[in-house]
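Chains as they are written, first to last, in our numbering: chain A, 1 to 372; chain B, 373 to 744. Written below as structure tokens is the structure these notes are about.
Number of protein chains: 2
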Amino acid sequence: MTDPSHAGSLLTVDLSAIVANWRLIAQGVAPAKVAAVVKADAYGLGAAQVAPALAAAGCETFIVATLDEGIALRQVLPAPVILVLNGPLPGTEGEFVAHSLVPVLNSLSQITGWATSTKAGSGAPAAALHIDTGMNRLGFDEAELDRLAARPEVLAWVRPILTLSHLACADSRDHPMNAEQRARFVHLAGRLPAMPLSLAASGGCFLGRTYHFDLVRPGAALYGINPTPGRPNPMAQVIRLQGKILQVRDVDSPRTVGYGASYHVAGPSRIATVALGYADGWFRSLGNQGHGVLGGVKVPLVGRVSMDLACFDVGAVPPAVACPGALVDLIGPEQSVDDVAAEAGTIGYEILTALGRRHHRRWITGAGETAA
Amino acid sequence: MTDPSHAGSLLTVDLSAIVANWRLIAQGVAPAKVAAVVKADAYGLGAAQVAPALAAAGCETFIVATLDEGIALRQVLPAPVILVLNGPLPGTEGEFVAHSLVPVLNSLSQITGWATSTKAGSGAPAAALHIDTGMNRLGFDEAELDRLAARPEVLAWVRPILTLSHLACADSRDHPMNAEQRARFVHLAGRLPAMPLSLAASGGCFLGRTYHFDLVRPGAALYGINPTPGRPNPMAQVIRLQGKILQVRDVDSPRTVGYGASYHVAGPSRIATVALGYADGWFRSLGNQGHGVLGGVKVPLVGRVSMDLACFDVGAVPPAVACPGALVDLIGPEQSVDDVAAEAGTIGYEILTALGRRHHRRWITGAGETAA
């Protein structure tokens, strides 16, 4: 996407806001350190831009999900620690070593694969260990830890630098599972050699000091998603998404709009067709549910979202403002990622990771300085 | 995505099936011609691979949504006609001419912009005209056609080669709007100079001969989506999506799985964690709704879909089959794109366009020959 004049939609990512969010968490959890989760291309916002900005601000540990994400990130971050959450798929251990990536070892199968593929002893490459404390998704459960304890030579072959676990319900401050998982984490980590511990992702950063341990791992909160649902969002908003009007239609008689004729325009109004659709990650579930903001006025999304287009009723906006080429705010100062997610029936995380490739993207730093 | 061993999920696109689907439609609509809609990166399946395969099969007209899609497609298709549905955004007319792209002119604003930016007369670059017959999304409505008719010099400045419109309800064979839109199309097209006409997209190809006119424009049907919902799918399946198992957990006591502890495992079973999630376009709405197929056995998706992971209950599959590294079929012979869409609460189109960038992609032609 080379030229903003070609694009039907514009996505602006405020790197300064991401850095400010990282610093806010760092102040809140000190002396614990703060890693940055930049998996899934920094939640769709561009790991190649986001990670260097955070490294410049002092972040020393970055977290991705997959080997290929780690390899790509190593190209732009020569020095920092890069953890790979999914760990090695069989046969890929050598690639982790070649790119100085720290695998998170989640199972006996991964740890034995790692131990037998890499050099033992003090020169062994670093790894992290993942204890499952209640997600039942990835990580050693108690039975696996027992089996690992029975084979101390396996653990001797790896050089673990971090033990981590993951909370299932950290976005519900009062959920009893938080304290249960914390207690289980302390209990199970005690069976391993002493090393730094990490339990909290975005939500966990806001559950209080006892959840911070040595390292916290925010992702969503860095990108402006509220880590404390139901309470005011402490994070700065990070992105602005704007869609360009292609055409405005005067409607003076009753008619329907879009596929399936699902929306009925009753009276005189104007319908603006905007050049973005579900192929851009503007979810189809926003049909007849979502809205935009144009000239300070809330404009409802009418009809179904098409693959490349969405229609908005702009009858309340002056025609000089609602004209071809004008930009409708879809995510921004007046409508957060979380707001759009609520209208789409999902969570802000999915709104971010679904952001499409056709948006013209620009990254801004400081007071409007741009780095396209 | 360079190496399949690195990837948590594999996406296979059968170019032969796409060509077979195009030929099936061509036989059904002859003597009408068949354009191929390859917008949104050929519905997520790779326009740079799909379009040349169809051109080799005889397709002479390709359709994209945006200028940048047209420019990219021109790199791989030097000769064919390329139509750009959204038409020119203000100031981009020269780019259309430079890349020999045919804009679809949707409004008076676009047609006057085009006429004043390009050379008039018989040497003028070709354009298409879009008449709105009931979508109320893009295209000239009757009032705009009247205004256009009052300014014959504008139309004289463009060289229209096609008039098109779009059906709102073509996937409902018996919807009265189909015949209404067809009649309106004939009526309104009669106000323009005689030229080839096009009304049918995928659904319209199957509404009968009177809907075919001179050119049909299938997209979804080429990619295996059923153009006749409620009746057997006449199209060949095109894609296979497989997720790799990272870890299998024996569960012998009651517990919950994943974020929000939304799934309760009651009895002894095994849970497989697969390396794909909603950041890969495996919709979060599939949580506790979707399923995969492993070793011929249907395996339910349990718990919420995470950003990079999804869990399946593989208790009914032998442990030797449900093991780390094994591939769970998510879309394929036993579960179509439309099936997954139904479980996710959307349509197959959105499942395709959401397919993520982390899948290892390969395109096959003929009997297993691969073109990675």
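Positions of the beta carbon are idealized from the N, C-alpha and C atoms, including for glycine. Quantities reported herein were computed from a predicted structural model and do not represent experimental measurements.
Return helix, strand or coil for residue i, following the three-state DSSP convention.
i                      : result
residue 664 of chain B : strand
residue 73 of chain A  : helix
residue 198 of chain A : strand
residue 53 of chain A  : helix
residue 282 of chain A : coil
residue 128 of chain A : strand
residue 609 of chain B : coil
residue 716 of chain B : helix
residue 316 of chain A : coil
residue 744 of chain B : Confidence at residue 744 of chain B is low in this model, with a pLDDT of 43, below 50, so its placement is unreliable and the value that follows should be read with caution. Reduced to three states, the DSSP call for residue 744 of chain B is coil.
residue 160 of chain A : strand
residue 140 of chain A : strand
residue 41 of chain A  : helix
residue 272 of chain A : strand
residue 395 of chain A : Beyond the ends of chain A as shown, which are 1 and 372, falls residue 395 of chain A; an answer cannot be given.
residue 25 of chain A  : helix
residue 338 of chain A : helix
residue 381 of chain B : strand
residue 438 of chain B : coil
residue 365 of chain A : strand
residue 621 of chain B : strand
residue 540 of chain B : coil
residue 701 of chain B : strand
residue 215 of chain A : strand
residue 469 of chain B : helix
residue 133 of chain A : coil
Could you tell me how far apart the beta carbons of residue i and residue j are, in whole angstroms, since I believe they sit closer than 8 Å?
i                      : j                      : result
residue 465 of chain B : residue 489 of chain B : 4 Å
residue 637 of chain B : residue 659 of chain B : Not a contact, Cβ separation roughly 15 Å.
residue 170 of chain A : residue 204 of chain A : 5 Å
residue 84 of chain A  : residue 70 of chain A  : 5 Å
residue 689 of chain B : residue 673 of chain B : Their Cβ separation, rounded to whole angstroms, is 14 Å, which puts residue 689 of chain B and residue 673 of chain B out of contact at 8 Å.
residue 194 of chain A : residue 164 of chain A : The pair is not a contact, with the Cβ atoms about 15 Å apart (cut-off 8 Å).
Please check if any C-beta of chain B sits within less than 9 Å of the C-beta of residue i.
i                      : result
residue 89 of chain A  : yes
residue 107 of chain A : yes
residue 226 of chain A : no
residue 255 of chain A : yes
residue 137 of chain A : yes
residue 290 of chain A : no
residue 223 of chain A : no
residue 85 of chain A  : yes
residue 350 of chain A : yes
residue 172 of chain A : yes
residue 67 of chain A  : yes
residue 153 of chain A : no
Please check if any C-beta of chain A sits within less than 9 Å of the C-beta of residue i.
i                      : result
residue 549 of chain B : yes
residue 711 of chain B : no
residue 619 of chain B : yes
residue 730 of chain B : yes
residue 686 of chain B : no
residue 378 of chain B : yes
residue 607 of chain B : no
residue 577 of chain B : no
residue 749 of chain B : Outside the displayed range of chain B (373 to 744) lies residue 749 of chain B, so it cannot be described from this structure.
residue 583 of chain B : no
residue 678 of chain B : yes
residue 475 of chain B : no
If you count every other CB in all the chains shown that lies within 10 Å of the CB of residue i, and 16 or more means buried, which is it?
i                      : result
residue 210 of chain A : exposed
residue 130 of chain A : buried
residue 599 of chain B : buried
residue 516 of chain B : buried
residue 95 of chain A  : buried
residue 448 of chain B : exposed
residue 553 of chain B : buried
residue 257 of chain A : buried
Count the C-beta pairs between the region 450-470 of chain B and the region 5-21 of chain A that are closer than 8 Å, then say yes if the count reaches three, no if not.
yes
Tell me whether the region 696-715 of chain B and the region 608-616 of chain B touch, counting them as touching only if at least three CB pairs, one residue from each stretch, are closer than 8 Å.
The way I'd put it, the region 696-715 of chain B does touch the region 608-616 of chain B; three or more beta-carbon pairs between them come closer than 8 Å.
Can we say the region 16-32 of chain A touches the region 48-60 of chain A, given the rule of at least three CB pairs closer than 8 Å?
yes
Do three or more CB pairs link the region 571-591 of chain B to the region 669-686 of chain B at distances below 8 Å?
no
With a threshold of 8 Å, are at least 3 pairs of Cβ atoms found where one atom belongs to the region 435-452 of chain B and the other to the region 402-414 of chain B?
yes
Does the region 642-650 of chain B come within contact of the region 617-634 of chain B, defined as at least 3 CB pairs closer than 8 Å?
Contact check between the region 642-650 of chain B and the region 617-634 of chain B: three or more CB pairs, one atom from each, fall below 8 Å, which counts as touching.
Per the contact definition of three or more C-beta pairs closer than 8 Å, is the region 340-358 of chain A in contact with the region 316-325 of chain A?
no
Kindly confirm or deny that the region 278-296 of chain A and the region 554-570 of chain B touch, where touching means at least three C-beta pairs closer than 8 Å.
no
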